[in-house]
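Visitor:
Here it is as structure tokens:
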């Protein structure tokens, strides 16, 4: 058995370092064997730094810290929680120093600060010693809180793990929030608490504003990759233009298909018009017993019938003339303002049907390719009139451009039928504007929360509007091969925005007492193991760490990464908080802007 075979058997621990995994495996299955022996047996170096002394002099600490700082720079860039820290003595090997650390707190010691002890622990090798019972008791007391706040790190609303979310934030250039990335209620409550305290409110609000601004920028950049983001008026104008173009293409293609039939009917070739003459005769005789009414309601048809009889005395008409007559009747049907005088639309529709039947009968009689050509033209016309043209005509009949945009996207919450019709008939670049505008407007704040420019972005609005869109509508808007390369980016944006839904807005309302209590509760998982009790953790942290310092820490990207890594590691190896705390001195050296706050934080644990 070696470390590789253990990894093969437990692939779920692939992100855990060799030493950390060895410690967890040893504790669970081989605790009766000295850890050094077990580590040697499976081929793991149990003494990564090579320091076996029980105490550390400061000259040695300084040298080790220089090396640790360099290693820490690499570790901070690594997406693996705690992975490279093991290589510089800052992984879970430090957990073996729990005995010395607990002894210092429970039974007195050399008077060194907690920060000093953590720095020593960062360079002292593990001894394999067991943590005393008092230490276990403290952990047991804090475990329910730890489990709730530092346990499973997965943002349920966003549906992504902390590691995935952290990468999404980085890819989109969005400043991360610890509460958003982890989905952890304790961290979120602490962020909200800091935002309500005068000393830290500004820091938290600035960080929250930066996150929202970054998210808005990412959303706009992605929307512009789909197409231009226009106002409802601008988009409506584009939509009406696209609909008009689509109708024009339909008419042109339909005309070409019917013209293709002409080659099978040379000019001058006549065909029977039995259906047309039969309809005209029947319609004009509808009021034969009431001639005055007939004169009023059949005047137009009588005029048409009389002219047809004169031009086709034998009941036959030139095929191309018959086709042109039907075209004229069809045009009159489509123009409600210039219909044929004294002929109502119902009469025109019946006349159009009769003319169509005569044309089809002529094509059938001709047979062969003539019939096929006519059938193709007729099938195309009927299909377009049944499925596409009515929707396009509704868009064209809207009185304003804004109304056209509203009509186009109305009903999107129920299904995507109308959107699918429009996309099917628009040119790809015409549809880009629709997709870009819809996506670009999802995060537009409600009127009551808008800024003067009307550009304010709201995470809540984005999610609410996105969730209102039916899956079929989303597919019609953003699906298809044209946008396939953008789908992963859209998924990232949705995960990032979704993760922010769990974090309360950084309000200005004052709830100072509640805020202090929330801060103290959050700090418990990181301090309870060292203080000997929950009460000491609460009082020590709440008093010693100022809201301003806490706000600076919890809004710093590297500190956020430390929280995220530690919480994830805690899920795999409970009791690894010592190693996480040991990383803080290195992070402090690498981030001078929060070095003082980290030092205060560590010293607050004493």
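Numbering (UniProt numbering), first residue to last: 1 to 606.
Built from N, CA and C at the ideal position, the CB exists for glycine as well.
1. Closer than 7 Å to a non-hydrogen atom of the ligand COA - does that hold for the CB of residue 598?
2. Write down the C-beta distance between residue 318 and residue 268 rounded to the nearest angstrom, noting that I regard them as a contact closer than 8 Å.
3. Could you work out which residue in 30, 560, 278 and 477 is closest to residue 315 when comparing CA atoms only?
4. Based on DSSP bridge pairs, tell me the residues matched to residue 444.
5. Using the Cα positions of residue 491 and residue 478, report the straight-line distance between them to the nearest angstrom.
6. Ordered along the chain, which non-local residues of its own chain (more than five positions away) have a Cβ less than 7 Å from that of residue 225?
7. Please check the pair residue 554 and residue 191, which I expect to be a contact at CB under 8 Å, by giving their CB distance rounded to whole angstroms.
8. Just confirm the distance between the C-beta atoms of residue 404 and residue 239, as a whole number of angstroms; I'd bet it's less than 8 Å.
9. Tell me whether residue 317 sits in a helix, a strand or coil according to DSSP, three-state version.
10. Does DSSP classify residue 343 as helix, strand or coil?
11. Please work out which residues of its chain come closer than 8 Å, Cβ to Cβ, to residue 459, disregarding the five sequence neighbours upstream and downstream, and give them in chain order.
12. Is the beta carbon of residue 236 sitting closer than 8 Å to the one on residue 401?
13. Do the region 419-437 and the region 384-398 meet, that is, are 3 or more Cβ pairs less than 8 Å apart?
14. Residue 26: buried (16+ other C-beta within 10 angstroms of its C-beta) or exposed?
15. Taking C-beta to C-beta, are residue 468 and residue 413 nearer than 8 Å?
16. Assign residue 33 to buried or exposed, taking buried as 16 or more other Cβ atoms, counted over all protein chains shown, within 10 Å of its Cβ.
17. If you pair each beta-carbon of the region 346-353 with each one of the region 275-289, do three or more pairs fall below 8 Å?
18. In its own chain, which residues sit with a C-beta less than 6 Å from the C-beta of residue 437, not counting the 5 before and 5 after it?
19. Pick out whichever of 418, 321, 254 and 461 has its Cα sitting closest to the Cα of residue 374.
20. For the region 248-311, which segments carrying the alpha helix (DSSP H) assignment without a break, of at least 4 residues, lie completely within its bounds, in sequence order?
21. From the beta carbon of residue 556, is the nearest beta carbon of chain C less than 8 Å away?
22. Return the residue from the list 257, 563, 602 and 589 that minimises the CA-CA distance to residue 177.
23. Suppose the cutoff is 7 Å on Cβ atoms and the five residues either side in sequence are ignored; what does the same chain contact list for residue 552 look like?
24. Exposed or buried, residue 585, counting other C-beta atoms within 10 Å across all chains shown (16 or more means buried)?
25. Answer with buried or exposed for residue 311, where buried requires no fewer than 16 other C-beta atoms within 10 angstroms of its C-beta.
26. According to the neighbour-count rule (16 or more other Cβ atoms, all chains shown, within 10 Å of its Cβ), is residue 265 buried or exposed?
27. Please state the DSSP three-state secondary structure of residue 209.
28. Could you pull out every residue in the same chain whose Cβ sits closer than 7 Å to the Cβ of residue 243, ignoring the five residues on either side in sequence?
29. Which same chain residues, not among the five before or five after residue 330, have their C-beta less than 7 Å away from its C-beta?
30. Taking the C-alpha atoms as reference points, what is the distance between residue 197 and residue 205?
31. For residue 14, which of helix, strand or coil comes out of DSSP?
32. I need the boundaries of the alpha helix (DSSP H) containing residue 488, first residue and last residue.
33. Whole angstroms are fine: how far does the CA of residue 464 sit from the CA of residue 245?
34. So residue 369 is in the alpha helix (DSSP H); what residue range does that whole segment cover?
35. Go ahead and pull the three-state DSSP assignment for residue 555.
36. So the alpha helix (DSSP H) residue 404 belongs to, where does it begin and stop?
Guide: To lay it out plainly:
1. The model on display carries no ligand, and the ligand COA is accordingly not part of it.
2. Within the chain shown, numbered from 1, the residue matching residue 318 stands at position 318. Within the chain shown, numbered from 1, the residue matching residue 268 stands at position 268. Confirmed, Cβ separation roughly 6 Å.
3. Walking along the chain shown from the start, residue 315 turns up at place 315. Answer by Cα proximity: 278.
4. What you label residue 444 is simply residue 444 of the chain shown in a count that begins at 1. Residue 444 is bridged to 457.
5. Here residue 491 refers to the residue found at position 491 of the chain shown. Here residue 478 refers to the residue found at position 478 of the chain shown. Computed Cα separation, rounded: 12 Å.
6. Here the question's residue 225 lines up with position 225 in the chain shown. If we look at residue 225 and ignore the five residues flanking it on each side, its Cβ neighbours are 486.
7. Mapped onto the chain shown, residue 554 falls at position 554. Mapped onto the chain shown, residue 191 falls at position 191. Contact holds; Cβ gap of about 6 Å.
8. As a position in the chain shown, residue 404 is number 404, starting the count at 1. As a position in the chain shown, residue 239 is number 239, starting the count at 1. About 5 Å; that satisfies the 8 Å criterion.
9. Residue 317 sits at position 317 when you count from the first residue of the chain shown. Looking at residue 317 - three-state DSSP - the assignment turns out to be strand.
10. Translated into the one-based positions of the chain shown, residue 343 becomes position 343. If DSSP states are grouped into helix, strand and coil, residue 343 belongs with coil.
11. Indexing the chain shown from 1 puts residue 459 at position 459. Within the same chain, residue 459 has close Cβ partners 212, 215, 443, 497, 500 and 501.
12. The count along the chain shown starts at 1 and reaches residue 236 at position 236. The count along the chain shown starts at 1 and reaches residue 401 at position 401. It is a contact, given that the beta carbons lie within the stated cut-off.
13. yes
14. One-based indexing of the chain shown puts residue 26 at position 26. By the 10 Å Cβ count, residue 26 comes out buried.
15. If you number the chain shown from 1, residue 468 lands on position 468. If you number the chain shown from 1, residue 413 lands on position 413. Yes, the pair counts as a contact, with Cβ atoms nearer than the cut-off.
16. Translated into the one-based positions of the chain shown, residue 33 becomes position 33. Result: exposed.
17. yes
18. Position 437 of the chain shown holds residue 437. Within the same chain, residue 437 has close Cβ partners 229, 230 and 235.
19. Here residue 374 refers to the residue found at position 374 when the chain shown is read from its first residue. Nearest option by C-alpha distance: 254.
20. 274-284, 291-297 and 299-311
21. Absent here is chain C; the protein component of the structure consists of one chain.
22. Looking up residue 177 in the chain shown gives position 177. It is 563.
23. Here residue 552 is taken as the residue at index 552 of the chain shown, counted from 1. Here the set comprises 203, 594 and 597.
24. Within the chain shown, residue 585 is the residue found at index 585, counting from 1. With 16 or more other Cβ atoms within 10 Å, it is buried.
25. Mapped onto the chain shown, residue 311 falls at position 311. Result: exposed.
26. Taking the chain shown and counting its residues from 1, one reaches residue 265 at position 265. Looking at its Cβ environment, which holds 16 or more other Cβ atoms inside 10 Å, residue 265 is buried.
27. Numbered from its first residue, the chain shown carries residue 209 at position 209. Reduced to three states, the DSSP call for residue 209 is helix.
28. For the purposes of this step, residue 243 is taken as the residue at position 243 of the chain shown. Same-chain partners within the cutoff: 392, 395 and 396.
29. For this step, residue 330 is matched to residue 330 along the chain shown. Here the set comprises 352.
30. Sequence index remark: in the chain shown, residue 197 carries index 197 (1-based). Sequence index remark: in the chain shown, residue 205 carries index 205 (1-based). Residue 197 and residue 205: Cα-Cα distance of roughly 11 Å.
31. Walking along the chain shown from the start, residue 14 turns up at place 14. If DSSP states are grouped into helix, strand and coil, residue 14 belongs with coil.
32. Against the chain shown, residue 488 aligns to sequence position 488. Where residue 488 is concerned, the enclosing alpha helix (DSSP H) stretches over 487-500.
33. As a first step, residue 245 must be located in the chain shown, where it is residue number 245. As a first step, residue 464 must be located in the chain shown, where it is residue number 464. Using only the alpha carbons, I get a separation of about 34 Å.
34. Start at 1 with the first residue of the chain shown, and residue 369 comes out as number 369. Start and end: 368-387.
35. Along the chain shown, read from residue 1 onward, the residue named residue 555 stands at position 555. Here residue 555 sits in coil by DSSP.
36. For this step, residue 404 is matched to residue 404 along the chain shown. First-last of the alpha helix (DSSP H) with residue 404: 401-409.
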